[in-house]
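Working notes, beginning with the structure itself.
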Amino acid sequence: MEMSRSDYLPLHHHHPKKGFVVKVPIAKVAWITCLMPFTAFIFCIIWSLMYNFEDSTFTHCKVQNFLPSISAAIGNYKTQRFVWGTAIAMHSGPRFMFAAVYRQYYRDVLNIKAQKLALTACVLSVIENIALIGLTFITSAYNYAIHEKCFMTFMVTSELYMAITCYLLTRERRIPADNMESRSLRYKYQLLAINMTSFAAAGYFFIRHNRHCEPYVYSAFAFFEYIVVVTNMAFHTTVCLDFHARSLLIDSNGLEVVS
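Heads up: the sequence shown begins at 1 in UniProt numbering, then just goes up one per residue.
So, in structure tokens, the structure goes:
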């Protein structure tokens, strides 16, 4: 039996509590969480171009380039490593929390038969976050094999997570989406399309660079690599719209989501 939007029960009802209580809108937490890696990412690219241009754009075949790869920009230099590592460390906790919040959200709004797939999406989100932490703190220079595995895990889980999320919220809802949730889903589809297209383009230019060593081709690879990362960040930022009317309640008993 399908429920109408008016029948929708929030994740938790808010009952007044005594003692220490902090109530923070989820949208604000999400914006801060997602802005940390985005700001750090932009800083690392600009800083590398300003102070490490020749080294960061150097390739094995010594052709001209004007953009550094992400791995060079965030992992090859002390300042950039510190900024990027700090941002990822600070944002990882809330990211794990959002996976748990989405798990409850899916229980509330999706069909019962979709719950296993919904759980899979949440697990993929957690693995994606762990892989991001791994590739951040285990650089290619320190241990290339582990760094490569973390990178591949991050890419596979992020693509699967985005695709499954779009499917679930399109095909498996039992409670109609409100205006903000509908807008969020439209953004998710747009970001997924741009992400996958950019991922394919990055792969093409990477292979072309390794085969032909043409000038600026590696920069084209780097550019589309940037788009893949930024659209992934933006996809996760849509949590602001999915939970636009909810807050995190922190008290002596812990943390919960309230309407």
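All C-beta atoms in this analysis are idealised placements derived from N, C-alpha and C, irrespective of residue type, glycine included.
Local Cβ density within 10 Å of residue i, reported as buried at 16 or more and exposed below that
i: Arg211; result: exposed
i: Cys202; result: The question names Cys, but residue 202 in the sequence shown is Ala. That one is buried.
i: Ala145; result: exposed
i: Tyr189; result: exposed
i: Asn253; result: exposed
i: Tyr51; result: exposed
i: Ala89; result: exposed
i: Val239; result: buried
i: Leu119; result: exposed
i: Gln259; result: Strictly speaking, residue 259 in this sequence is Ser, with Gln absent from that position. Ser259 comes out exposed.
i: Val257; result: buried
Proximal residues to residue i (C-beta, below 8 Å), its chain only, five neighbours per side dropped
i: Ser140; result: Ser71, Gly75, His147, Glu148
i: Ala131; result: Cys150, Phe151, Thr153, Phe154, Thr157
i: Thr39; result: Ala87
i: Leu255; result: Met97, Leu248, Leu249
i: Thr237; result: Ala30, Trp31, Cys34
i: Glu214; result: Val63, Arg208
i: Cys166; result: Leu185, Lys188, Tyr189, Leu192
i: Met78; result: One detail in the question is off: residue 78 reads as Lys in this sequence, not Met. Closer than 8 Å at Cβ, skipping near neighbours: no residue.
Pairwise C-alpha distance: residue j and residue i
i: Val63; j: Val217; result: 9 Å
i: Phe41; j: Asn111; result: 38 Å
i: Arg246; j: Asp178; result: 13 Å
i: Phe82; j: Arg171; result: 42 Å
i: Gln80; j: Trp47; result: 8 Å
i: Val29; j: Gly134; result: 23 Å
i: Ala222; j: Val24; result: 37 Å
i: residue 292; j: Val123; result: Residue coverage of the chain in this structure runs from 1 to 259, which leaves residue 292 outside it and unanswerable.
i: Met196; j: Glu54; result: 30 Å
i: Cys61; j: Leu49; result: 20 Å
i: Lys113; j: Glu159; result: 23 Å
i: Ser69; j: Thr136; result: 14 Å
8 Å Cβ cutoff met for residue i and residue j
i: Leu191; j: Phe235; result: yes
i: Ala200; j: Leu168; result: no
i: Ala233; j: Cys44; result: Residue identity differs from the one stated: residue 233 is Met in this sequence, not Ala. In this structure, Cys44 does not lie closer than 8 Å to Met233 by Cβ.
i: Ser92; j: Asn143; result: no
i: Ala87; j: Pro37; result: yes
i: Ile175; j: Leu117; result: no
i: Gln115; j: Tyr106; result: yes
i: Ala220; j: Phe205; result: yes
i: Val109; j: Arg173; result: yes
Beta-carbon proximity list for residue i, same chain, < 6 Å, skipping 5 on both sides
i: Ser125; result: Ala99, Tyr161
i: Ser198; result: Phe224, Ile227, Val228
i: Thr59; result: Tyr218
i: Trp84; result: Ala40, Cys44, Ile74
i: Ile127; result: Thr157
Close Cβ partners of residue i (< 7 Å) along its chain, the five nearest in sequence each way excluded
i: Ser6; result: Low confidence applies to Ser6: its pLDDT is 40, below 50, so where it sits in the model is not reliable, and the reading given next is rough at best. Here the set comprises nothing.
i: His244; result: Ala27, Met180
i: Leu241; result: Met180, Glu181, Arg183, Ser184
i: Val22; result: Ile250
i: Tyr187; result: Thr238
i: Asn65; result: Thr57, Thr59, Tyr216, Tyr218, Ser219
Residue interval of the beta strand (DSSP E) (run including residue i)
i: Pro25; result: 21-25
Residue i: first and last residue of the uninterrupted alpha helix (DSSP H) it sits in
i: Asp242; result: 239-242
i: Leu249; result: Segment 247-251 is the beta strand (DSSP E) holding Leu249; no alpha helix (DSSP H) there.
i: Glu148; result: 144-171
i: His60; result: His60 -> no alpha helix (DSSP H), and no H or E assigned at all.
i: Thr120; result: 115-137
i: Ile207; result: 179-212
i: Ala73; result: 70-75
i: Ile88; result: 78-109
Residue i beta carbon near the ligand ZN (any heavy atom closer than 7 Å)
i: Leu241; result: Summarising the ligand content, the structure contains no ligands, and the ligand ZN is consequently not present.
Chain B within 8 Å of residue i, Cβ atoms only
i: Ser158; result: Here there is only one protein chain, and chain B is not present.
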